[in-house]
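K.L.:
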Amino acid sequence: MSTRDHPNILLIMSDEHAPMFSGPYGHKLVQTPNLDRLADNGVTFANAYCNSPLCVPSRMSFMTGRYIHHIGAWDNATPLPSDVVTWAHLLRSVGYDVVLCSEDPKEFHDLAAQKAYRPVLEDLKSRLLSHWDGIDLERQLRQSQKERLLIESATGGEWRRFRSL
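Residue 82 in numbering that gives the first Met the number 0 is what sits at position 83 of the sequence shown, and the numbering runs on without skipping anything.
Spelled out as C-alpha coordinates, the structure:
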(Lines of atoms letter the chains of each structure in order from A; the text may use other names.)
(Lines give C-alpha, C1' and ligand atoms only; values in the text may rest on other atoms or scores of the structure.)
Protein backbone atom coordinates (compact mmCIF):
# COMPACT_ATOMS: atom_id res chain seq x y z
CA MET A 0 0.00 0.00 0.00
CA SER A 1 1.54 3.30 -1.03
CA THR A 2 1.33 6.46 1.04
CA ARG A 3 -0.02 8.24 -2.02
CA ASP A 4 -3.04 5.93 -2.09
CA HIS A 5 -3.28 5.76 1.69
CA PRO A 6 -1.86 8.87 3.36
CA ASN A 7 -0.97 8.73 7.04
CA ILE A 8 -3.84 9.72 9.31
CA LEU A 9 -3.21 10.97 12.83
CA LEU A 10 -6.41 11.98 14.57
CA ILE A 11 -6.14 13.83 17.85
CA MET A 12 -9.52 14.22 19.47
CA SER A 13 -9.25 16.28 22.59
CA ASP A 14 -12.42 17.00 24.46
CA GLU A 15 -13.46 18.83 27.60
CA HIS A 16 -11.76 22.07 26.62
CA ALA A 17 -12.35 24.75 24.06
CA PRO A 18 -10.05 24.66 21.01
CA MET A 19 -9.51 28.40 21.24
CA PHE A 20 -7.16 27.65 24.15
CA SER A 21 -4.49 26.13 21.91
CA GLY A 22 -1.98 27.54 19.47
CA PRO A 23 -3.48 26.17 16.23
CA TYR A 24 -6.72 28.01 16.95
CA GLY A 25 -5.08 31.34 17.66
CA HIS A 26 -4.53 31.63 21.42
CA LYS A 27 -1.87 34.26 22.07
CA LEU A 28 -0.53 32.95 25.40
CA VAL A 29 -0.90 29.16 25.32
CA GLN A 30 2.10 27.62 23.58
CA THR A 31 1.52 24.31 21.82
CA PRO A 32 4.41 24.03 19.34
CA ASN A 33 3.89 20.35 18.51
CA LEU A 34 0.18 20.82 17.87
CA ASP A 35 1.01 23.93 15.84
CA ARG A 36 3.36 21.92 13.59
CA LEU A 37 0.79 19.16 13.13
CA ALA A 38 -1.90 21.71 12.29
CA ASP A 39 0.37 23.56 9.85
CA ASN A 40 0.94 20.33 7.90
CA GLY A 41 -2.51 18.82 8.25
CA VAL A 42 -6.17 19.62 8.64
CA THR A 43 -7.99 21.34 11.49
CA PHE A 44 -11.72 21.70 11.93
CA ALA A 45 -13.28 25.06 12.73
CA ASN A 46 -16.97 24.20 12.51
CA ALA A 47 -17.28 20.84 14.25
CA TYR A 48 -19.78 20.17 17.00
CA CYS A 49 -20.52 17.37 19.45
CA ASN A 50 -23.62 15.21 19.32
CA SER A 51 -23.60 14.82 23.09
CA PRO A 52 -22.44 16.92 26.04
CA LEU A 53 -20.93 13.75 27.55
CA CYS A 54 -17.50 12.67 26.34
CA VAL A 55 -17.98 8.92 25.72
CA PRO A 56 -21.26 9.20 23.79
CA SER A 57 -19.76 12.08 21.82
CA ARG A 58 -16.71 9.98 20.88
CA MET A 59 -18.90 7.04 19.91
CA SER A 60 -21.03 9.27 17.71
CA PHE A 61 -17.88 10.64 16.09
CA MET A 62 -16.39 7.17 15.52
CA THR A 63 -19.57 5.74 14.03
CA GLY A 64 -21.03 8.75 12.25
CA ARG A 65 -24.33 7.97 13.95
CA TYR A 66 -26.47 9.77 16.49
CA ILE A 67 -26.19 8.57 20.08
CA HIS A 68 -29.81 7.45 20.16
CA HIS A 69 -29.13 5.14 17.18
CA ILE A 70 -26.32 3.31 19.00
CA GLY A 71 -27.66 3.49 22.56
CA ALA A 72 -24.77 5.59 23.87
CA TRP A 73 -26.64 7.39 26.63
CA ASP A 74 -23.92 7.80 29.26
CA ASN A 75 -20.21 7.44 29.95
CA ALA A 76 -20.60 3.90 31.35
CA THR A 77 -22.12 2.28 28.25
CA PRO A 78 -19.69 0.44 25.94
CA LEU A 79 -20.11 0.59 22.20
CA PRO A 80 -21.89 -2.59 21.05
CA SER A 81 -19.44 -4.92 19.28
CA ASP A 82 -21.56 -5.12 16.14
CA VAL A 83 -21.43 -1.37 15.49
CA VAL A 84 -19.01 -0.49 12.68
CA THR A 85 -16.73 2.54 13.10
CA TRP A 86 -14.70 4.41 10.53
CA ALA A 87 -11.63 2.75 12.08
CA HIS A 88 -13.03 -0.61 10.90
CA LEU A 89 -13.51 0.83 7.44
CA LEU A 90 -9.93 2.14 7.37
CA ARG A 91 -8.63 -1.28 8.45
CA SER A 92 -10.69 -2.94 5.70
CA VAL A 93 -8.79 -0.96 3.05
CA GLY A 94 -5.34 -1.74 4.45
CA TYR A 95 -4.64 0.78 7.20
CA ASP A 96 -3.04 -0.23 10.49
CA VAL A 97 -5.35 1.23 13.10
CA VAL A 98 -4.31 1.87 16.72
CA LEU A 99 -6.48 3.29 19.49
CA CYS A 100 -4.66 5.22 22.20
CA SER A 101 -7.03 6.48 24.79
CA GLU A 102 -7.40 7.31 28.45
CA ASP A 103 -9.74 4.33 28.63
CA PRO A 104 -10.17 2.33 25.41
CA LYS A 105 -12.48 -0.13 27.19
CA GLU A 106 -15.37 2.17 26.26
CA PHE A 107 -15.12 0.92 22.68
CA HIS A 108 -16.65 -2.44 21.82
CA ASP A 109 -16.70 -3.65 25.40
CA LEU A 110 -12.97 -4.41 25.39
CA ALA A 111 -12.94 -4.92 29.14
CA ALA A 112 -14.93 -8.14 28.69
CA GLN A 113 -12.53 -9.54 26.12
CA LYS A 114 -9.67 -11.70 27.39
CA ALA A 115 -7.31 -10.21 24.81
CA TYR A 116 -7.71 -6.71 26.28
CA ARG A 117 -4.63 -5.24 27.90
CA PRO A 118 -4.54 -1.87 29.70
CA VAL A 119 -3.63 1.09 27.56
CA LEU A 120 -0.15 1.68 28.99
CA GLU A 121 0.84 -1.94 28.37
CA ASP A 122 -0.46 -1.53 24.84
CA LEU A 123 1.65 1.57 24.37
CA LYS A 124 4.75 -0.25 25.55
CA SER A 125 4.42 -3.09 23.08
CA ARG A 126 2.79 -1.40 20.08
CA LEU A 127 4.03 2.15 19.80
CA LEU A 128 7.31 2.62 21.61
CA SER A 129 10.54 1.16 20.33
CA HIS A 130 12.17 1.70 23.72
CA TRP A 131 10.48 1.39 27.10
CA ASP A 132 12.22 2.99 30.07
CA GLY A 133 10.72 0.58 32.59
CA ILE A 134 8.58 3.12 34.40
CA ASP A 135 5.05 1.81 34.85
CA LEU A 136 3.24 5.02 35.71
CA GLU A 137 -0.14 3.32 35.94
CA ARG A 138 1.08 0.83 38.56
CA GLN A 139 2.86 3.55 40.52
CA LEU A 140 -0.28 5.66 40.65
CA ARG A 141 -2.39 2.74 41.82
CA GLN A 142 0.09 1.76 44.54
CA SER A 143 0.75 5.24 45.90
CA GLN A 144 -2.13 6.15 48.20
CA LYS A 145 -1.06 9.80 48.39
CA GLU A 146 -0.78 10.27 44.61
CA ARG A 147 -3.98 8.33 43.93
CA LEU A 148 -5.97 10.44 46.40
CA LEU A 149 -4.49 13.62 44.95
CA ILE A 150 -5.56 12.62 41.44
CA GLU A 151 -8.99 11.41 42.53
CA SER A 152 -9.75 14.65 44.34
CA ALA A 153 -8.55 16.88 41.49
CA THR A 154 -11.09 18.50 39.22
CA GLY A 155 -11.26 17.92 35.50
CA GLY A 156 -11.20 14.16 35.24
CA GLU A 157 -12.74 10.88 36.24
CA TRP A 158 -9.78 9.23 37.97
CA ARG A 159 -11.77 7.00 40.31
CA ARG A 160 -11.24 4.18 37.80
CA PHE A 161 -7.73 3.63 39.17
CA ARG A 162 -9.30 1.94 42.18
CA SER A 163 -10.54 -0.95 40.08
CA LEU A 164 -7.43 -1.51 37.96
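Glycine is no exception: its CB is placed at the ideal position from the N, C-alpha and C atoms.
Tell me where the alpha helix (DSSP H) around R3 begins and ends.
P.N.:
As a working note, residue 3 is residue 4 in the sequence shown. From DSSP, R3 is part of no alpha helix (DSSP H); its letter is neither H nor E.
K.L.:
Taking the continuous alpha helix (DSSP H) assigned at S57, which residues delimit it?
P.N.:
The residue labelled residue 57 in the question sits at position 58 within the sequence shown. Start and end: C54 to T63.
K.L.:
Output the boundary residues of the alpha helix (DSSP H) element that contains N33.
P.N.:
By one-based count along the sequence shown, residue 33 stands at place 34. Unbroken alpha helix (DSSP H) run through N33: P32 to D39.
K.L.:
Can you list, in chain order, the residues of its chain whose CB lies under 6 angstroms from that of P56, leaving out five sequence neighbours each side?
P.N.:
Translated into positions along the sequence shown, residue 56 becomes position 57. Same-chain partners within the cutoff: I67 and A72.
K.L.:
Between the region 84–94 and the region 50–64, can you find at least three pairs of beta-carbon atoms closer than 8 angstroms?
P.N.:
Touching, yes, given that three or more Cβ pairs across the two stretches are closer than 8 angstroms.
K.L.:
Take the Cβ of R58 as the centre, count every other Cβ of all protein chains shown within 10 Å, and call the residue buried at 16 or more, exposed below.
P.N.:
In the sequence shown, residue 58 corresponds to position 59, counting from 1. Buried: at least 16 other Cβ atoms inside 10 Å.
K.L.:
Roughly how many whole angstroms lie between the Cα atoms of P32 and P18?
P.N.:
Sequence index remark: in the sequence shown, residue 32 carries index 33 (1-based). Sequence index remark: in the sequence shown, residue 18 carries index 19 (1-based). For P32 and P18, the distance between alpha carbons rounds to 15 angstroms.
K.L.:
Kindly indicate which three-state DSSP category F20 falls into: helix, strand or coil?
P.N.:
Here residue 20 corresponds to residue number 21 of the sequence shown, with the count starting at 1. Three-state result, F20: helix.
K.L.:
How many angstroms separate the CA atom of L10 from the CA atom of C54?
P.N.:
Locating residue 10 in the sequence shown gives position 11, counting from the first residue. Locating residue 54 in the sequence shown gives position 55, counting from the first residue. Roughly 16 angstroms separates the two Cα atoms.
K.L.:
As a quick exercise: from L90, V98, K27 and P23, pick the residue whose alpha carbon is nearest that of A45.
P.N.:
For the purposes of this step, residue 45 is identified with residue 46 of the sequence shown, where counting begins at 1. Answer by Cα proximity: P23.
K.L.:
Thinking just about the alpha-carbon of each residue, which of S51, A47 and D96 is nearest to the one in N75?
P.N.:
Here the question's residue 75 lines up with position 76 in the sequence shown. N75 has its Cα closest to that of S51, out of S51, A47 and D96.
K.L.:
With DSSP run on the structure shown, which of helix, strand or coil describes I11?
P.N.:
Here the question's residue 11 lines up with position 12 in the sequence shown. Three-state DSSP puts I11 in coil, outside helix and strand.
K.L.:
Taking only the alpha-carbon atoms, compute the straight-line gap between N40 and S21 and give it to the nearest angstrom.
P.N.:
Along the sequence shown, one-based indexing puts residue 40 at 41. Along the sequence shown, one-based indexing puts residue 21 at 22. Going by the C-alpha atoms only, they are around 16 angstroms apart.
K.L.:
Identify the continuous alpha helix (DSSP H) that holds W86 and give its terminal residues.
P.N.:
Indexing the sequence shown from 1 puts residue 86 at position 87. Segment W86 to S92, the alpha helix (DSSP H) holding W86.
K.L.:
Figure out for me which residue from P78, I70, L37 and T77 has the closest Cα to the Cα of N7.
P.N.:
For the purposes of this step, residue 7 is taken as the residue at position 8 of the sequence shown. Residue L37 is the option with its Cα nearest to N7.
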